[in-house]
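Colleague:
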Amino acid sequence: MEGIYAFCVGLMTACGIFLTLRGRTFSVVVGLTLLSYAVNLFLFASGRLKLDAAAVLGMSEEYGDPLPQALVLTAIVIGFAMTAFAVILAMRARADLGNDHVDGRIPQTKESARQKAGGQR
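Put into structure tokens, the structure is as follows:
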């Protein structure tokens, strides 16, 4: 179970980094959100994965560590605020620049480069 969990966290981290390095703002926002989810899962796993463990002392013989649960709850709130800020920033950049690219420049294709040079094929 721990191997599958670690693989899923690693896969979410890899997908988040890949999307964060893309050229469009929507991909960057989704990538940051995936990275946030991966960090939340990592923090949750740092408290040891236990089945049938109570979160409150005295309810069972074994209990789950409440500190990672509190950290994940705090990270969820911070991640939501960060995502909302990034979406608003992306919307403002799209309105000001007129496109969705991270650097504000539209990439040049081969066809548009030929048209600029004046050569027709």
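When we follow my numbering, the leftmost residue of the sequence shown carries the number 55, and every step to the right adds one.
Where is the CB? At the ideal position from N, CA and C, for every residue including glycine.
#1: Just the C-alpha distance for T128 and L75, rounded to the nearest angstrom, thanks.
#2: Rounded to the nearest angstrom, what separates R78 and I160 at their Cα positions?
#3: Three-state secondary structure (DSSP) at R78?
#4: Kindly indicate which residue of G101, L95, N153 and F61 has the alpha-carbon position closest to the one of G133.
#5: Which value, in whole angstroms, describes the spacing of the CA atoms of F61 and N153?
#6: Cβ of R159 within 8 Å of any heavy atom in the ligand ZN?
#7: With 9 Å as the threshold, decide whether the Cβ of M145 is near any Cβ in chain C.
#8: Does the distance from the C-beta atom of C69 to that of L97 stay below 9 Å?
#9: Using the Cα positions of L143 and Y59, report the straight-line distance between them to the nearest angstrom.
#10: By a C-beta neighbour count over all protein chains shown, 10 Å radius and 16 as the cutoff for buried, is S100 buried or exposed?
Modeller: On the basis of the coordinates in this document:
#1: 26 Å
#2: 10 Å
#3: strand
#4: L95
#5: 36 Å
#6: The model depicted lacks the ligand ZN and carries no ligand whatsoever.
#7: Absent here is chain C; the protein component of the structure consists of one chain.
#8: no
#9: 33 Å
#10: exposed
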